[in-house]
Amino acid sequence: MIRAVIFDVGECLVDETREYGTWADWIGVPRHTFHAMFGAVIAQGRDYREVFQEFRPGFDLYEEREKRTAAGQAETFGEDDLYGDVRACLQRLRSEGLWLGIAGNQTVRAGRILRELFSSDVDLIGTSDDWGASKPDPEFFKRVADSVPFEVGEILYVGDRCDNDIRPARDAGMHTALVRRGPWATIQWYSVEAKQLPTFRVESLAELSGEIARFNDSGH
3 MIRAVIFDVG ECLVDETREY GTWADWIGVP RHTFHAMFGA VIAQGRDYRE
53 VFQEFRPGFD LYEEREKRTA AGQAETFGED DLYGDVRACL QRLRSEGLWL
103 GIAGNQTVRA GRILRELFSS DVDLIGTSDD WGASKPDPEF FKRVADSVPF
153 EVGEILYVGD RCDNDIRPAR DAGMHTALVR RGPWATIQWY SVEAKQLPTF
203 RVESLAELSG EIARFNDSGH
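By the numbering used here, the letter at position 60 of the sequence shown is numbered 62, and the numbering carries on one by one without gaps.
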């Protein structure tokens with residue numbers, strides 16, 4: 003039975019289109035060129051951070067984040083960057099008695115923004131910087147499990163990536179839902195892993211309530 007639902011952040015709750023556009027601007031690359039390389043790197047199964055190396059060898063993402071902040075151009079997101087189904091999904095799942103959380107690979111700054119946006123909507127907000135462990139490291143999912151007041155097999159982790167979200171969460175003993183949006187899910191959607199690993203495959207977060215209800219009613 004699923005009693006808790008934990009959401010990834012980027013391309014699950016937050017549309018990162020604007021943010022990656024500002025990175026293209028920061029390194030002086032046309033946005034369409036940056037996005038094309040981004041998709042190519044993901045399709046090759048490489049770490050997305052290698053995109054920056056293609057344009058600027060030796061690029062240090064942490065250092066550049068600090069430079070952006072100092073220049074008054076810090077990475078950020080807000081209400082307008084949330085996918086349109088997020089608020090209604092959280093409200094519905096909470097009304098149905100599910101325990102909710104948000105946990106993803108995010109900076110301390112992003113963690114503060116998440117708390118401003120969601121503290122009244124969820125029971126847990128955790129980030130990789132908070133925990134000192136990043137997905138897909140099993141320690142990250144252990145931290146998630148330790149933070150949820152239910153058995154690990156009663157947790158559903160919702161994400162957009164097979165490699166960072168679905169596979170490691172499943173290996174940790176959680177149920178999983180792959181949501182089809184953002185570059186990773188779009189590229190991975192027809193892969194064997196994307197078809198076989200998730201407990202659910204959804205086109206929208208609006209589908210989660212029904213999927214969870216059917217799963218729980220089936221006696222799992």
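Virtual Cβ for every residue (Gly too), placed ideally from N, Cα, C.
Contacting residues, own chain, Cβ-Cβ under 6 Å from D123 (five flanking each side not counted): Shown here for D123: same chain residues with a beta carbon closer than 6 Å to its own, the five before and five after excluded, namely L92 in chain order.
How is the alpha helix (DSSP H) around F40 delimited, first residue to last? R33 to A45
Give me the residue from R114, E118 and S211 with the minimum Cα distance to S97. S211
Is there at least one Cβ from chain D nearer than 8 Å to E205's Cβ? Any reference to chain D falls outside this structure, which holds one protein chain only.
Just list the residues that DSSP pairs F54 with in beta bridges. Bridge partners of F54: none, in fact.
Would you list the one or two residues that DSSP bridges to W101? A6
Which stretch, first to last residue, makes up the alpha helix (DSSP H) that contains I168? Looking at the DSSP string, I168 is not in any alpha helix (DSSP H), and its letter there is neither H nor E.
If you measure between the beta carbons of V146 and A105, is that distance less than 8 Å? yes
Pick out the complete beta strand (DSSP E) segments inside the stretch 69-93, 3 residues or longer, and give them in chain order. none
Rounded to whole angstroms, what is the Cα-Cα separation between V43 and F36? 11 Å
Across which residues does DSSP place V110 in a beta bridge pair? In DSSP, V110 forms no bridge with anything.
Is it the case that the Cβ atoms of D162 and D17 are separated by a distance below 8 Å? At least 8 Å separates the beta-carbon of D162 from that of D17.
What span of residues does the alpha helix (DSSP H) with T188 cover, start to end? Segment G184 to Q190, the alpha helix (DSSP H) holding T188.
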